[in-house]
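Protein chains in written order, with the working numbering: chain A, 1 to 268; chain B, 1 to 281. We put the beta carbon where it would ideally sit given N, CA and C, even for glycine. As structure tokens, the structure follows; a few thoughts come after it.
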């Protein structure tokens, strides 16, 4: 128990160092900083525009009202901002694996998954996270759920699910690169499955929905948190999904470590 | 002096360089087979497929009969054509000019007796060739597998007009991305600008939904831009929703855009070269 506490403390200290370095790197106001904030805002705007246009023609989308879709989009944006904030290094994984730049992970004092994926803290993404949380808060206020005490209990739960699931999925996609070198498989899987999580899962058939909740659980990234907060999903179902994604995540991390054992420097 | 020993004239040299660049780019793309399939074959298929589910939900569960005159089967055909034709539009990851500028590699090209732009054009030609083959394969496979749903062109003329607009539009995309890459002469990072440009082009070209479904004022603005004529309008021409007059208007917009973008490209390139220190960032 004390060993686990010690390990947690060490990893939190590492996270603080990654954040400190990230802040120092981006502390000067540069065009790049503004561009990244703007880039994500443009991405948010295209999503908002798409659903606002579609729901201008219909009162609901697969049973979701415009207000509910906005709450859902809030979680989509928070999930994206979390990826940009902490998991930006994942975009370089395929290239670094091919070029044999992962040697240092073998000797550094920490869990390789954490050390690799959390090393690039992005200060500009913190601004995007603020934008995403503001939009989520505004959307939740518009549908009138912020006044309910239960919402303040469900919100931290829902946001924790977003952060955990985002990390698990990012690691899962990158595992494919160990077996399909220089294939962009991680990018493709991320694009394919995360794009599915950008729409309420109710638009899909029952089988596909089950697949996206259980096999590649992108539904837990956005649909489950939004449904929990909106009361479309009961706490018991929420607990079931949370337990599954927790166990799934631990399995994914073991899988990644097994893949990492295949790494022999300069794989290209 | 024999004619074989005579130095080739400029157009011959430029064409030879273009052909060599084309062959090398093709070899480079095909070197990693898994990556080739993922990048070139599967790219751009998922987004339209997901939108089909969204439209299906709207029509099946939410009581929508038509979206500004589009029935569900028509929207499915539109999305199939997006998945097919969007492949032909030059992709933001098709060039690596900004990396070459950041790392100083571009210097070696600048001191050689050749136009760097010819190398980029070689890559554009390779991209189009691969994507034309991929898109044709996808189209034929779809036609054989689901003939009832697969969209056939209204006529050969409609197919020709649509392809002409898409190929000209692709060149506009290529010039746009070249210009954004060339901003690396001044900026430290341009990938955010590239991705942002990609997001905007995706939306305004009608990749997510037909531009004609968008609200009137938005539609009126978008019809003046080349992205609309590079994808959404050609698909409507292909399906017979727009006529020959639309083709002529699209041709005019695209040709004017090419002239304007080429002018901007030349200015940015010339000024960037003057600003370039030669050693990368």
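Check: What span of residues does the alpha helix (DSSP H) with residue 126(A) cover, start to end?
Finding: Position 126 of the first chain, counting from 1, holds the residue named residue 126(A). Per DSSP, residue 126(A) belongs to the alpha helix (DSSP H) from 123-142.
Next item on the list: Determine the DSSP secondary structure at residue 172(A), reduced to helix, strand or coil.
Entry: Position 172 of the first chain, counting from 1, holds the residue named residue 172(A). Residue 172(A) falls in the helix class under three-state DSSP.
Margin query: Quick check: the segment 223-243 of chain A against the segment 70-83 of chain A, are at least 3 beta-carbon pairs closer than 8 angstroms?
Written below: Cβ pair count under 8 angstroms is three or more, so yes.
Check: Do the segment 106-120 of chain A and the segment 5-13 of chain A meet, that is, are 3 or more Cβ pairs less than 8 angstroms apart?
Finding: yes
Margin query: For a quick check, are the C-beta atoms of residue 32(A) and residue 189(B) less than 9 angstroms apart?
Written below: The residue given as residue 32(A) occupies position 32 in the first chain. The residue given as residue 189(B) occupies position 189 in the second chain. Result yes, Cβ atoms of residue 32(A) and residue 189(B) sit closer than 9 angstroms.
Margin query: Using 8 angstroms as the cut-off, can you tell me whether the segment 52-66 of chain A makes contact with the segment 49-68 of chain B, which would need three or more C-beta pairs spanning the two stretches below that distance?
Written below: yes
Margin query: What does the alpha-carbon distance come out to for the pair residue 67(B) and residue 57(A)?
Written below: Mapped onto the second chain, residue 67(B) falls at position 67. Mapped onto the first chain, residue 57(A) falls at position 57. Their backbone Cα atoms lie some 7 angstroms apart in a straight line.
Check: In or out: residue 108(B) buried (at least 16 other Cβ within 10 Å) or exposed?
Finding: Indexing the second chain from 1 puts residue 108(B) at position 108. Residue 108(B) should be labelled exposed.
Check: Is residue 223(A) helix, strand or coil by DSSP?
Finding: Stepping through the first chain from its first residue, residue 223(A) is reached at position 223. Here residue 223(A) sits in helix by DSSP.
Notebook entry, point to check: Between the segment 177-207 of chain B and chain A, which residues of the former have CB atoms less than 8 angstroms from a CB of the latter, in chain order?
Noted result: 187, 188, 189, 192, 193, 195, 196, 199, 200, 202 and 203
Margin query: Quick check on the burial criterion: 16 or more other C-beta atoms within 10 angstroms. Buried or exposed for residue 1(B)?
Written below: For the purposes of this step, residue 1(B) is identified with residue 1 of the second chain, where counting begins at 1. A caution first: residue 1(B) carries a pLDDT of 41, below 50, which makes its placement in the model too unreliable to give a value.
Note to self: Taking 8 angstroms as the limit between beta carbons, can you name the residues of its chain near residue 231(B), skipping five residues before and five after?
What the structure shows: Your numbering for residue 231(B) matches position 231 in the second chain. The residues are 82, 85, 86, 89, 166, 169, 205, 206 and 207.
Next item on the list: Pull up the DSSP beta-bridge partners for residue 87(A), would you.
Entry: If you number the first chain from 1, residue 87(A) lands on position 87. Looking at the DSSP assignment, residue 87(A) forms a beta bridge with 120(A).
Notebook entry, point to check: Going by DSSP, what residues sit across from residue 65(A) in a beta bridge?
Noted result: Residue 65(A) sits at position 65 when you count from the first residue of the first chain. According to DSSP, residue 65(A) bridges with 60(A).
Next item on the list: Under 9 angstroms between beta-carbons, which chain A residues line up against residue 42(B)? List them in chain order, please.
Entry: Stepping through the second chain from its first residue, residue 42(B) is reached at position 42. Neighbours of residue 42(B) on chain A, chain order: 188 and 192.
Next item on the list: Whole angstroms is fine: what's the gap from residue 281(B)'s alpha carbon to residue 129(B)'s?
Entry: Numbered from its first residue, the second chain carries residue 281(B) at position 281. Numbered from its first residue, the second chain carries residue 129(B) at position 129. Only weak support exists for where residue 281(B) lies, its pLDDT of 45 falling under 50; the coordinates are left without a value.
Next item on the list: Report all residues from its chain with a CB closer than 7 angstroms to the CB of residue 44(B); omit the five preceding and five following residues, and keep chain order.
Entry: In the second chain, the residue the question calls residue 44(B) occupies position 44. Counting only Cβ-Cβ distances below 7 angstroms, and skipping sequence neighbours, we find 83, 86 and 87.
Check: Whose CA, out of 92(B), 198(B) and 163(B), lies closest to the CA of residue 254(B)?
Finding: The residue you call residue 254(B) lines up with position 254 of the second chain. Closest by alpha carbon: 163(B).
Notebook entry, point to check: Which residues share a DSSP beta bridge with residue 70(B)?
Noted result: Position 70 of the second chain, counting from 1, holds the residue named residue 70(B). 67(B).
Checklist line | Option in 114(B), 53(B) and 77(B) with minimal Cα separation from residue 12(B) | finding: For the purposes of this step, residue 12(B) is taken as residue 12 along the second chain, with counting starting at 1. Closest option to residue 12(B), Cα to Cα, is 114(B).
Check: When Cβ atoms are compared, which residues of the segment 43-61 of chain B fall closer than 8 angstroms to chain A?
Finding: Under the 8 angstroms Cβ criterion, the segment 43-61 of chain B contributes 43, 46, 47, 50, 53, 54, 56, 57, 58 and 61.
Checklist line | Distance CB(residue 54(B))-CB(residue 183(B)) smaller than 9 angstroms | finding: Here residue 54(B) refers to the residue found at position 54 when the second chain is read from its first residue. Here residue 183(B) refers to the residue found at position 183 when the second chain is read from its first residue. Contact flag unset, no.
Next item on the list: Could you run through the segment 36-49 of chain A and flag, in chain order, every residue whose CB is less than 8 angstroms away from some CB of chain B?
Entry: Under the 8 angstroms Cβ criterion, the segment 36-49 of chain A contributes 36, 38, 39, 42, 43, 46 and 49.
Margin query: Strictly below 8 angstroms CB to CB, what residues from chain A border residue 64(B)?
Written below: Counting from 1 along the second chain, the entry for residue 64(B) is found at position 64. Within 8 angstroms Cβ-Cβ: 57 and 58.
Note to self: Going by DSSP, what residue range makes up the alpha helix (DSSP H) through residue 235(A)?
What the structure shows: As a first step, residue 235(A) is located in the first chain; it is residue number 235 there, counting from the start. Start and end: 235-260.
Check: Is residue 46(B) near residue 192(A), with beta carbons less than 9 angstroms apart?
Finding: If you number the second chain from 1, residue 46(B) lands on position 46. If you number the first chain from 1, residue 192(A) lands on position 192. Yes.
Margin query: I believe residue 249(A) touches residue 131(A) by the beta-carbon criterion, under 8 angstroms. Please report the beta-carbon distance rounded to the nearest angstrom.
Written below: Position 249 of the first chain, counted from the start, is the residue given in the question as residue 249(A). Position 131 of the first chain, counted from the start, is the residue given in the question as residue 131(A). Not quite, the Cβ-Cβ distance comes to about 27 angstroms (not below 8 angstroms), so this is no contact.
Margin query: Along the chain, where does the alpha helix (DSSP H) containing residue 184(A) start, and where does it finish?
Written below: Within the first chain, the letter at position 184 stands for residue 184(A). Per DSSP, residue 184(A) belongs to no alpha helix (DSSP H) and is neither H nor E.
Notebook entry, point to check: For residue 190(A), which of 150(A), 246(A), 129(A) and 175(A) has the nearest alpha-carbon?
Noted result: Taking the first residue of the first chain as 1, we reach residue 190(A) at position 190. Among 150(A), 246(A), 129(A) and 175(A), the Cα nearest to that of residue 190(A) belongs to 175(A).
Item checked: Close beta carbons around residue 123(B), own chain, < 6 angstroms, minus the five adjacent residues each side -> Counting from 1 along the second chain, the entry for residue 123(B) is found at position 123. Around residue 123(B): 25.
Item checked: Range covered by the alpha helix (DSSP H) that runs through residue 86(B) -> Stepping through the second chain from its first residue, residue 86(B) is reached at position 86. Per DSSP, residue 86(B) belongs to no alpha helix (DSSP H) and is neither H nor E.
Next item on the list: Below 9 angstroms between beta carbons is the criterion; list the residues of the segment 212-231 of chain B that meet it against any residue of chain A, in chain order.
Entry: Within the segment 212-231 of chain B, the residues whose Cβ lies closer than 9 angstroms to any Cβ of chain A are, in chain order, 213, 214, 215 and 218.
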